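Notes to accompany the following structure.
4 protein chains.
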Amino acid sequence: MIERYSLSPMKDLWTEEAKYQRWLRVELAVNDALAELGQIPKDAAKIIKEKARLNIARAHEIEAQISHDFLAFVRSLEESVGLEGRYIHRGLTSYDAEDTALSLALRDGLNFLIGDAKKLADILKRRALEHKKTLMIGRTHGMHAEPITFGLKLLIWYDEMRRNIKRLEDARAIASVGKISGSVGTYANVDPEVERQVCAQLGLEPANISNQILQRDRHAHVLTTLAICAGTVEKIATEIRNLHRTEIAEVREGRPHGSSSMPHKQNPSACETLTGLARIVRANALASIENMPVWHEQDLTRSSVERIIIPDSFIVTDYLLKRMAGVIEHLQVNVERMRANLEQSLGTIISQAILLKLIDKGMARAQAHDLMGELSKQAIAQQKPLKSLVSAHPEIKKFLNPTEIDEFFSPGYLERYHTKHVETIFARFA
Amino acid sequence: MIERYSLSPMKDLWTEEAKYQRWLRVELAVNDALAELGQIPKDAAKIIKEKARLNIARAHEIEAQISHDFLAFVRSLEESVGLEGRYIHRGLTSYDAEDTALSLALRDGLNFLIGDAKKLADILKRRALEHKKTLMIGRTHGMHAEPITFGLKLLIWYDEMRRNIKRLEDARAIASVGKISGSVGTYANVDPEVERQVCAQLGLEPANISNQILQRDRHAHVLTTLAICAGTVEKIATEIRNLHRTEIAEVREGRPHGSSSMPHKQNPSACETLTGLARIVRANALASIENMPVWHEQDLTRSSVERIIIPDSFIVTDYLLKRMAGVIEHLQVNVERMRANLEQSLGTIISQAILLKLIDKGMARAQAHDLMGELSKQAIAQQKPLKSLVSAHPEIKKFLNPTEIDEFFSPGYLERYHTKHVETIFARFA
Amino acid sequence: MIERYSLSPMKDLWTEEAKYQRWLRVELAVNDALAELGQIPKDAAKIIKEKARLNIARAHEIEAQISHDFLAFVRSLEESVGLEGRYIHRGLTSYDAEDTALSLALRDGLNFLIGDAKKLADILKRRALEHKKTLMIGRTHGMHAEPITFGLKLLIWYDEMRRNIKRLEDARAIASVGKISGSVGTYANVDPEVERQVCAQLGLEPANISNQILQRDRHAHVLTTLAICAGTVEKIATEIRNLHRTEIAEVREGRPHGSSSMPHKQNPSACETLTGLARIVRANALASIENMPVWHEQDLTRSSVERIIIPDSFIVTDYLLKRMAGVIEHLQVNVERMRANLEQSLGTIISQAILLKLIDKGMARAQAHDLMGELSKQAIAQQKPLKSLVSAHPEIKKFLNPTEIDEFFSPGYLERYHTKHVETIFARFA
Amino acid sequence: MIERYSLSPMKDLWTEEAKYQRWLRVELAVNDALAELGQIPKDAAKIIKEKARLNIARAHEIEAQISHDFLAFVRSLEESVGLEGRYIHRGLTSYDAEDTALSLALRDGLNFLIGDAKKLADILKRRALEHKKTLMIGRTHGMHAEPITFGLKLLIWYDEMRRNIKRLEDARAIASVGKISGSVGTYANVDPEVERQVCAQLGLEPANISNQILQRDRHAHVLTTLAICAGTVEKIATEIRNLHRTEIAEVREGRPHGSSSMPHKQNPSACETLTGLARIVRANALASIENMPVWHEQDLTRSSVERIIIPDSFIVTDYLLKRMAGVIEHLQVNVERMRANLEQSLGTIISQAILLKLIDKGMARAQAHDLMGELSKQAIAQQKPLKSLVSAHPEIKKFLNPTEIDEFFSPGYLERYHTKHVETIFARFA
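As given, the protein sequences belong to chains A, B, C and D, one line each in that order.
7 is the number of the first residue of the first sequence in my numbering; add one for each residue after it.
7 is the number of the first residue of the second sequence in my numbering; add one for each residue after it.
7 is the number of the first residue of the third sequence in my numbering; add one for each residue after it.
7 is the number of the first residue of the fourth sequence in my numbering; add one for each residue after it.
Put into structure tokens, the structure is as follows:
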């Protein structure tokens, strides 16, 4: 992933050095287990533990000759140890170490993301409480619908993030698995007990069964989960971009972004960036599902893909969650403008309340719906308040008296009517 | 979805009639709740319950005039009831009924898929036990690696299917949610208690919070889960296609498929079909994640997509799981051919066992690896048994005596060495 | 594809009957060629031509026995002819007829789409000319930028549609290809001259080389082209949805769509539907690229996918182009509102013009940019016209005199300054 | 893109430095044009040309303050020039330079890819000619079908690569376009003649019309084209992997790749890597189509995506084409094994030839097809040559005499019958 969207500590998890360190960690855990089980001499194991040194430059030199990155790593370790080094990687296939090490990275990466997601959720909840009663127009199809509060909008995102936290935890459980079962998963050359001890030492579950590798439904599960989290961020970002428009102006990014040509511009560029980046995580998720059908006991087609999409998806999702947390934290909310926008539809947003009253008073549903639709259209077309049209309509007068009509357009009606259950909803998240 | 890949009862869940029936079911549950809560007259509710008739033809006539399918449905119901019909859909928005009804379909569809998945898992396990000890070559990169048993291969798929069953159950939990919260989710026109009672009656959980709709991370979760299940089927299908090849011929579809030009052909066409269909489910999953960022409290962009991808993905995944169950059930396993193929690599598949022995006897790892690699290449190139080359090699003789070498190539060695832990692995699934 | 989004004549191209008719057409063209070349008896060929009858019901009966749809079709034909029927399909493989027939459908389908695209382009151009001088605010990042005309916006779409027409024509060229080369493309059982004559009769180019099938880069080329066309429609639809919002209200769908709960709603639902449907075509394009790597001389994995994605993508793209043509045709343009919205930014949209003048008068670029940015922010924050702030600023007064400042805010300035090259741009499309 | 898959000179095109150099190149071309047209003082333009220095470090410092990379670049240039620097970027918006510069990179990148593609095509053709007559079995559904030559297989790939070269050239034409039309494409602040001169100097076509940016159908066209090229490489790679298998062994990568555990392994790892990498280019293509619907005259959502997917797709496609050229160049073809594999199906691959003869002699098609199918199945099941079964069959004896039967199984029959048109096919590519 390009530097611009890479943040520590997530990006540090995916450096080449970090990968080699994880490989070493697994090989040393295997060394411990083999010695413990008496399968290699205890003295040799001790020497390996003392002397084994990561020398990436040397590993690269060997790789240049033998074109196999993991085997080169093993040989460089063996060199650093001397004769006893021959016991390193005993009975293992590369992917015993590589896949187990990858699981460590997935687990740690998911831990970072769970932390990010919780932080974003916390901020969403805090700001939802802050704006629990901040009245604004709800919109469907981009058009004014009926009033909501800005707090409810934030609370929906909070609720979705809670589901994402659960998804990330489930993904972590499915990814935190190791395998030390040899070339084709039979333990022919390495005892199952080694796998058990190594996994225990590393904090992983041993896979129930494996072939040369861990099965890729696990990795697809992780990357589709990240794509759904990215989808949530894209959804929030899109909403903020829409509310940020000059004509709506209900929110503003705390640190908006200008233009090289037009000095007056204040753009929601963080949210634009995040909207776009979600596409990367989504496209990568697709490739991760394509990675599932590996030929026989292993093939390498998924390997080149994973070198790219796994680090990229983790780094970008981390960026998405963290940057969105900053956006929400610093989001400027223009409460007055929200109120002003509510007025723009000239009272037509009350049409449903009147409709229900007409039905209760005995008007047929279809007739009442058509009538209120017609009056609302007139109100907008003629830029007249709906109230005046309703009050003057002979058919409505048959069902509603002036006091009843006045009530719909009286001060505080929107709050009284539309937000009466807001506390109930918030109480569910207490 | 085209008829060819549509099976009952899954396909019946997604007919237009079934959809209207679900809409009716939700509206009647709302009717019950409104009457129970005294928000509409009990008598009227009773009349609605008695008289409300689904008349799809009439609904279509109305839709042709007003271009709104759900509103047309409501009006057709209202007509069937008469004046009391005005209480139908009271305080609701279309999506209160549509999304809650969709959740019913998702839940029922997931129940079918869970049933499919369990059946496939059962068959995989049964055949795994049948072939627990059936020796065959394991392959990596398409090349002979070391022996496995065919039962282990089946057991890996069984294990993966168990994870898929868990995923489907989790998806069902996330999808089995209703919402009766009105146009923008504020309950302004319908009491939260209605939602509670309706969901209880329908066997759904009420959403903690909603706007006009249920949030689309739920649906994306479902469709990505289906795509992962499809990926598992694709993986199994690809493996069978590979083992089915003329040159390998270790398995054969029970009912293979011929050619219009070449009378001798016996093709793995079921598995080819399944491999392809997985792409449909995968592509649809992507569209389902794109559906997440809905503008404001609802927009309709996801609606046209969902009309297509949700039924298609369920119907195709059902087909995938059921058809694969049939393939595994009837799969012909050629045990002799598996044994014969094992011989093709002239003993080179023992190279790792010898390598480890050489290391244990004191040879350096890199030297032993290079040496065994060289001898294996010679064996293949000269089509000579590895044993003869190993026995004659002066360097090896320094470390291994003839008895030790003979042991590697003795009858039953592959079973003794490579399958010694097969029972242990199977025991984990007891 | 579901009926709702299927229009004639496009949908009729993809019925099962139409497919069988194309198969018959190819087989009869082969019959003609074989007779012409003396490879089957002329009399037999004549009888085949007279007697061969499509009987789909009978073909299905046979298919139920032999599980091969094309072979069943051939046998049903043979039955309809009698003994001479044995010369039908002589030397051919199924895909000689199936792939050549598919090319006929692709060509005809592309012809429909080219017609659709030209019609949409024509309407876009006509409405662009109509609104050549209709001034409106240009927006970047959703924020007011500088004035444009609505005609320019339409003309950009017209220009893009012209590129799409070219793409569709290129795709038609690459798809209008036949192959009658036998089971593996060697012409072992059918003379190359047959292919030449059949293709000539059907209006296709013979493929330079084939194996059992035409290579799938051709089909991927077609479906990615459709996805790009769908992307253009999505782009136009998204723009109309944005301009349709209550707060912007610059355009309105001619036949907007209501709500079951809120009588006042007038939603841009056609454009929402089209936005969503583009996702289907895009996802299918991806599957079409996945179809490219067929194993060896043919496998069937792409077959199940193509049965679904090719008809669906053609039918949906046809719907997208036709429905968007209707939307543009009937789009209501609110010229007054466009003008009113221009005023909302209080003159700040002139900031660049002033910036350039300041630079020309000698102010440093960075200073001028910062200054105009600051004043614009103040104008918006304090809701004061930019003019008053500019006029009062001491630093600006050093570079600009009051007459110069007045000029920027004088009546007709936006037209004089921002639309001065509009005729030049339109002239490029004369 | 990670270093492992990045080759020069392609990767050098996408460094940050190269991007800034292109920006500078566009700004200096604008400077020339503005001076030439008398819109800035000629002396100032001369000083700018002499003094303007790229100082990326300084640009980054400014970016850290103002969070706008392009504006920071302009300010750093202005600093390097002094007071006359204020004329830099005069009347331009960032994307006048950024998008025009990106077009330069796309054009140059496509030139590299066209070179790569031609080289790969040349090698394919050369090796096709080399193996024009190398007989091997053609396979459909992974099963033996009828003989082909290895040259035909290579020639099909050559033909597909020729289509790809044409696609890349078309994509280059659509991408080689510049725009210098200002903030919203109206040329309000910069004369259209500047655009004309700048594009002429840079070797680009001026866009007929633009808004703030070039329309993204162009970029989607480029990236889908790359995905199709990647699909071709994936197809070739998949075929080589299949022919490379231990049981088939007809080809071998020139430099196969080993295993850390199993010294005997010789894997087709280059082709595995290439198969996987195609998924990256394909997934990116999808994101590029998603980038098409930009809001209004520009939004930034596509920007973050393009920073990643455009360089990645070019670098990976370059790697795919170059590495595949190496694979084909060094591919070891085992002609003897191809011949040996032909024998494995015991003569059943002649079944169609016999079928046609039986039909010509008067047997009904369905009967002949069923009969030959049955005998072929017996041959495989009993491992007997088809010839013996055909010769002994009473029904066949009625139509064919022993000499006729002998002919089908006589030495050289496969060549005489199946390759008789190979020269004709090759002649089409002379």
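Where a beta carbon is used, it is the ideal one built from N, C-alpha and C, also for glycine.
This structure is a prediction, so every number in the text was calculated from the model and none was measured.
A distance of 8 Å or more separates the beta carbons of R224 (chain A) and A284 (chain A).
DSSP, read as helix, strand or coil, puts P269 (chain B) in coil.
Annotation: I154 (chain D) is outside any alpha helix (DSSP H); the continuous beta strand (DSSP E) that includes it extends over 149–155. Judged by beta-carbon spacing, K185 (chain C) lies beyond the 8 Å limit of L229 (chain C), meaning their Cβ atoms are not closer than that value. With respect to D122 (chain C), L19 (chain C) sits apart: the two C-beta atoms are not nearer than 8 Å.
Using a Cβ-Cβ cut-off of 8 Å, I62 (chain D) does not count as an interface residue toward chain B, since no Cβ of chain B sits closer than that to its own. In this model, T140 (chain D) and V341 (chain D) are separated by some 7 Å (Cα to Cα). Listed along chain C, the residues sitting closer than 7 Å to Q358 (chain D) by beta-carbon distance are S189, N195.
Counting only runs that start and end inside the stretch 98–176 of chain A, the alpha helix (DSSP H) elements of at least 4 residues fall at 100–136. What M378 (chain B) touches in chain D, judged by beta-carbon distance under 8 Å, is P269, H270, going in chain order.
Collapsing the DSSP output to three states places V196 (chain D) in coil. Each residue's CA atom was taken as its position, placing L130 (chain B) and L327 (chain C) some 48 Å apart. Note on geometry: alpha-carbon atoms of L337 (chain D) and T155 (chain D) lie some 16 Å from one another. Contact between I411 (chain C) and S397 (chain C) holds: CB atoms are separated by about 5 Å, below the 8 Å threshold. By the C-beta criterion, the stretch 400–410 of chain C is judged to be in contact with the stretch 351–365 of chain C, since at least 3 inter-stretch pairs fall below 8 Å. In the three-state reduction of the DSSP assignment, R261 (chain D) falls in the coil class. Apart from the 5 residues on each side of it in sequence, I94 (chain D) sits with its Cβ closer than 8 Å to the Cβ of E33, N37, I54, A58, V80, L83, E84, V87 in its chain, given in chain order. Distance between N297 (chain A) and G97 (chain A), taken at the CA atoms: about 27 Å.
Annotation: M268 (chain B) to E240 (chain D) spans about 28 Å, alpha carbon to alpha carbon. Any Cβ of chain C closer than 8 Å to the Cβ of V300 (chain D) would place that residue at the interface, and such an atom is present.
Within the stretch 275–304 of chain D, the residues whose Cβ lies closer than 7 Å to some Cβ of chain A are S275, E278, T279, T281, G282, L283, R285, I286, A289, N290, L292, A293, E296, listed in chain order. If you check the CB distance, H137 (chain B) and V428 (chain B) do not come in under 8 Å. Straight across, the Cα-Cα distance linking S216 (chain B) with M7 (chain D) is about 41 Å. Taking A179 (chain B) as reference, the option from B:H227, B:V204, B:A151, B:A134 with the minimal CA-CA separation is B:H227. In this structure, the straight-line span from the alpha carbon of S319 (chain D) to that of N117 (chain D) is close to 14 Å. Against chain A, a Cβ distance below 7 Å from I431 (chain B) picks out I215. Chain order gives no chain C residues near T140 (chain D), where near means a beta carbon separation below 8 Å; the closest approach is about 13 Å. With 16 or more other Cβ atoms from the protein chains shown falling within 10 Å of its own Cβ, L77 (chain B) counts as buried. Considered as a whole, the stretch 46–76 of chain B harbours 48–57, 62–72 as its complete alpha helix (DSSP H) runs of no fewer than 4 residues, in chain order.
For Q338 (chain D), the secondary structure class from DSSP, reduced to helix, strand or coil, is strand.
In the three-state reduction of the DSSP assignment, V300 (chain D) falls in the coil class. Within its own chain, the residues whose Cβ lies closer than 8 Å to the Cβ of S12 (chain B), once the five positions on either side in sequence are excluded, are I321, Y325, listed in chain order.
At a cut-off of 8 Å between beta-carbon atoms, F76 (chain C) makes contact with chain B.
For E211 (chain C), the secondary structure class from DSSP, reduced to helix, strand or coil, is strand. Among the residues facing chain C, E349 (chain A) is not included, as its CB has no counterpart in that chain under 8 Å away. Taking a C-beta cut-off of 9 Å against chain D, the contacting residues of the stretch 365–399 of chain B are A374, H375, D376, L377, M378, G379, E380, L381, S382, K383, A385, I386, L392, listed in chain order.
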